[in-house]
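In my numbering, the protein residues as written are 3 to 165. Below: one structure, written as structure tokens.
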């Protein structure tokens with residue numbers, strides 16, 4: 003029996019952004035794991051992240067429905083929850099107290115989300131898109147923001163209606 007089926011998309015911008023941004027979010031999911039947060043917290047993170055990714059994607063010309071498909075939500079879920087995900091594992095190690103630079107120097111694996119966080123945050127700022135998860139991952143990785151402060155800043159944001 004086949005284990006893989008290809009689906010096409012006529013939205014290369016959406017597929018490319020979904021494929022890149024999922025790695026940033028997977029780092030956040032791993033940090034949640036490393037800090038000892040439960041599955042509900044990670045599910046909330048991923049749910050809010052897909053809305054954030056969609057906002058940024060649409061601002062860049064992507065079709066919003068792309069982010070509900072395999073190239074968006076499907077790829078995001080597996081990358082955030084798989085024990086084989088390099089980006090999730092990297093985040094988990096950070097959440098457990100290891101330094102990002104040490105992890106990067108001591109692994110042969112590529113952790114795409116580390117560099118993507120910087121580019122994604124710049125893109126969101128340039129496009130004027132509200133991207134709090136991307137902002138906080140960037141701040142933790144590239145500005146040495148304490149993990150718990152980043153989590154507190156995310157959770158203390160003004161409540162608003164979901165998009």
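Every residue, glycine too, gets a C-beta built ideally from N, C-alpha and C.
Residue of the options minimising C-alpha distance to residue i
i           : options            : result
residue 66  : 121, 151, 16       : 16
residue 61  : 95, 130, 75        : 130
residue 115 : 20, 164, 98        : 20
residue 159 : 146, 143, 137, 148 : 137
residue 151 : 10, 26, 11, 37     : 37
residue 45  : 113, 119, 78       : 78
residue 105 : 12, 22, 29, 161    : 29
residue 135 : 99, 39, 24, 41     : 24
Residue i versus residue j - alpha carbon distance
i           : j           : result
residue 102 : residue 96  : 6 Å
residue 164 : residue 133 : 14 Å
residue 71  : residue 56  : 11 Å
residue 85  : residue 91  : 7 Å
residue 140 : residue 123 : 7 Å
residue 166 : residue 142 : Residue 166 falls outside the range modelled here, since the chain spans only 3 to 165, and no answer is possible.
residue 35  : residue 54  : 20 Å
residue 33  : residue 4   : 34 Å
residue 117 : residue 83  : 20 Å
residue 64  : residue 14  : 8 Å
residue 109 : residue 128 : 32 Å
residue 154 : residue 8   : 40 Å
residue 26  : residue 89  : 7 Å
Chain D within 8 Å of residue i, Cβ atoms only
i          : result
residue 92 : Among the chains of the structure shown, chain D does not appear; only one protein chain is present.
Continuous alpha helix (DSSP H) stretch holding residue i: start and end
i           : result
residue 120 : 114–129
residue 140 : 134–144
residue 14  : 14–36
residue 41  : 41–61
residue 152 : 149–157
residue 78  : 77–83
residue 86  : Unbroken run through residue 86: none, as it is neither H nor E.
residue 107 : 102–108
Exposed unless 16 or more other CB atoms sit within 10 angstroms - verdict on residue i
i           : result
residue 69  : buried
residue 146 : exposed
residue 49  : exposed
residue 58  : buried
residue 75  : buried
residue 10  : exposed
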